[in-house]
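So the structure is just underneath, and the comments pick up after that.
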Amino acid sequence: MTLTVAVDGPAASGKGTISKAVAAHFGFAHLDTGLLYRAVGAQMLLGKDPLIVAQTLQAEDIDPGALRNSEVAQAASKVAAIPEVRAALLDFQRAFARRAGGAVLDGRDIGTVICPEADVKLYVTASDEVRAERRFLELANKGQDVTRDGVLDDLRARDKRDSERASAPLKPAEDATIIDTSDLSIDDAVARVVSQIEMAQSD
Ligand code: CDP
12 MTLTVAVDGP AASGKGTISK AVAAHFGFAH LDTGLLYRAV GAQMLLGKDP
62 LIVAQTLQAE DIDPGALRNS EVAQAASKVA AIPEVRAALL DFQRAFARRA
112 GGAVLDGRDI GTVICPEADV KLYVTASDEV RAERRFLELA NKGQDVTRDG
162 VLDDLRARDK RDSERASAPL KPAEDATIID TSDLSIDDAV ARVVSQIEMA
212 QSD
């Protein structure tokens with residue numbers, strides 16, 4: 012059985028949390044594709060050529076704990092605008108999507124470019140303020156030195172760059188279900204997605 016769930020959306024929209032919970036519910040594999048771009052961005056900050064890093068990326072380069080900060084997020088969004096970097100990461104993502112047992116991938120271009128044939132496509136969003144508050148709490152709880160305004164500026168800058176780039180811009184697929192989590196709890200959002208996947212499984 013292969014079943015692919017594509018989850019896209021802007022920064023800190025809740026897509027990662029929802030994807031992880033939905034994957035756990037069904038026993039599907041989960042790939043946070045943002046980590047691939049973050050890993051490349053982090054190496055660029057160390058002076059490496061992003062294209063070579065993307066072409067030779069190994070699982071051990073991906074240390075989520077070291078990659079979840081604003082500096083790496085901005086670097087990720089810069090390398091993500093380079094078409095050759097995106098091309099270098101494409102095959103890995105497509106192979107992951109097709110793995111037996113079901114897969115959930117979250118990112119910016121999963122429903123539009125990586126898996127246009129996905130069985131279920133979601134676009135998770137929320138207001139700028141709600142997203143910034145979530146990300147602020149997440150980073151502050153990890154002890155990072157962040158301010159609400161700084162986090163809001165970071166999200167807006169990335170969303171702008173991600174939406175305006177020529178290569179695989181952030182946008183909902185035409186057939187994606189939009190889930191606005193501004194006033195929706197994560198549990199309610201997950202329940203909604205679970206029932207949508209159950210419907211796709213019974214098709
Ligand atoms: O967690 P958050 O939503 O803040 O970001 P992320 O998903 O880790 O992605 C970091 C950056 O990687 C984004 O701002 C995008 O520029 C880029 N990205 C992308 O271009 N395509 C993807 N499929 C995933 C991430």
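For my numbering, count along the sequence shown from 1 and bump the result up by 11.
Ideal placement from N, C-alpha and C gives every residue a C-beta, glycine not left out.
Taking the Cβ of Ala-87 as the reference point, at least one heavy atom of ligand 1 falls within a distance shorter than 8 Å. Three or more beta-carbon pairs separated by less than 8 Å link the region 198 to 213 to the region 131 to 143, which places the two stretches in contact.
Judged by DSSP secondary structure, Ala-53 falls within the alpha helix (DSSP H) whose first and last residues are 45 to 56. Pairing Tyr-48 with Ala-98 gives a Cβ-Cβ distance that is not under 9 Å. For Thr-44, the shortest C-beta to heavy atom distance toward ligand 1 is below 8 Å. Relative to ligand 1, the beta carbon of Ile-63 is positioned no closer than 8 Å to any heavy atom.
Exclusion of the five residues before and after Lys-31 leaves His-41 as the residues of its chain whose Cβ lies within less than 6 Å of its Cβ. In this structure Ala-23 is in contact with Arg-145, their Cβ atoms being roughly 5 Å apart against a cut-off of 8 Å. Relative to ligand 1, the beta carbon of Pro-21 is positioned inside 8 Å of a heavy atom. Below 8 Å, enough C-beta pairs join the region 90 to 97 and the region 60 to 74 to call them touching: three or more.
Under the 10 Å beta carbon count, Ala-77 is surrounded by fewer than 16 other beta carbons and is classified as exposed. Secondary structure at Thr-28: helix, using DSSP grouped into helix, strand and coil.
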